[in-house]
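Working notes for the structure below.
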């Protein structure tokens, strides 16, 4: 199991280091692919009725990316968890490992601003060939420019050189719903 950023050592020392790394990466992919599917299920599209009765907050719930093609590399997942907004920003930092929950935490919508407070990160360190995960305290705010059934447009509240712009990859970003 993945714990503290490393996989459990294989007791058989006859394996080559490359075999150990391949097994470790396979275990990482299995664990995080399962977690990703569970999160996506929680963020299911609320449908037209849900968006109409739940307002903007319900409309924000879902799996978003910069394009349909980018869904394989980056996904922003917004869902409700016992009345609290949960955000998981998944990114592929390494092709071998696939998508990881790059930043996770809570989100809220306040006066047209989406506030994301991240408390955990997971990244794959290419140099050390291992996971790095741990607690963080990061808060970013995005101006909600537009939301409809298939598109979400966010803008960095701090301008083009803010931490928000780093998350978006620019001052403003259009997201589309990822397919189921």
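Numbering (my numbering), first residue to last: 1 to 180.
Glycine included, every Cβ here is placed at the ideal spot set by N, Cα and C.
Keep in mind that this is a model prediction, so the values were computed, not measured.
Start and end residues, beta strand (DSSP E) containing residue i
{"i": "residue 152", "result": "151-156"}
{"i": "residue 65", "result": "62-65"}
{"i": "residue 172", "result": "172-177"}
Residue(s) in a DSSP beta bridge with residue i
{"i": "residue 84", "result": "81"}
{"i": "residue 75", "result": "90"}
Among the options, the one whose alpha carbon lies nearest that of residue i
{"i": "residue 27", "options": "96, 67, 59", "result": "96"}
{"i": "residue 133", "options": "121, 34, 146", "result": "121"}
{"i": "residue 92", "options": "142, 19, 156, 29", "result": "29"}
{"i": "residue 157", "options": "17, 72, 170, 142", "result": "142"}
Inter-residue spacing [alpha-carbon to alpha-carbon] between residue i and residue j
{"i": "residue 31", "j": "residue 108", "result": "28 Å"}
{"i": "residue 112", "j": "residue 21", "result": "46 Å"}
{"i": "residue 172", "j": "residue 82", "result": "30 Å"}
{"i": "residue 56", "j": "residue 42", "result": "17 Å"}
{"i": "residue 12", "j": "residue 153", "result": "Since pLDDT at residue 12 reaches only 40, below the 50 mark, its modelled position is unreliable, and the value read off the structure follows with that caveat. When rounded, the distance between both Cα atoms is 51 Å."}
N-terminal and C-terminal residue of the alpha helix (DSSP H) that residue i is part of
{"i": "residue 39", "result": "17-42"}
{"i": "residue 163", "result": "163-168"}
Please give the ranges of any beta strand (DSSP E) in the stretch 91-153, keeping only runs that are unbroken, at least 3 residues long and fully inside the region. You should have 99-110, 113-125, 130-147.
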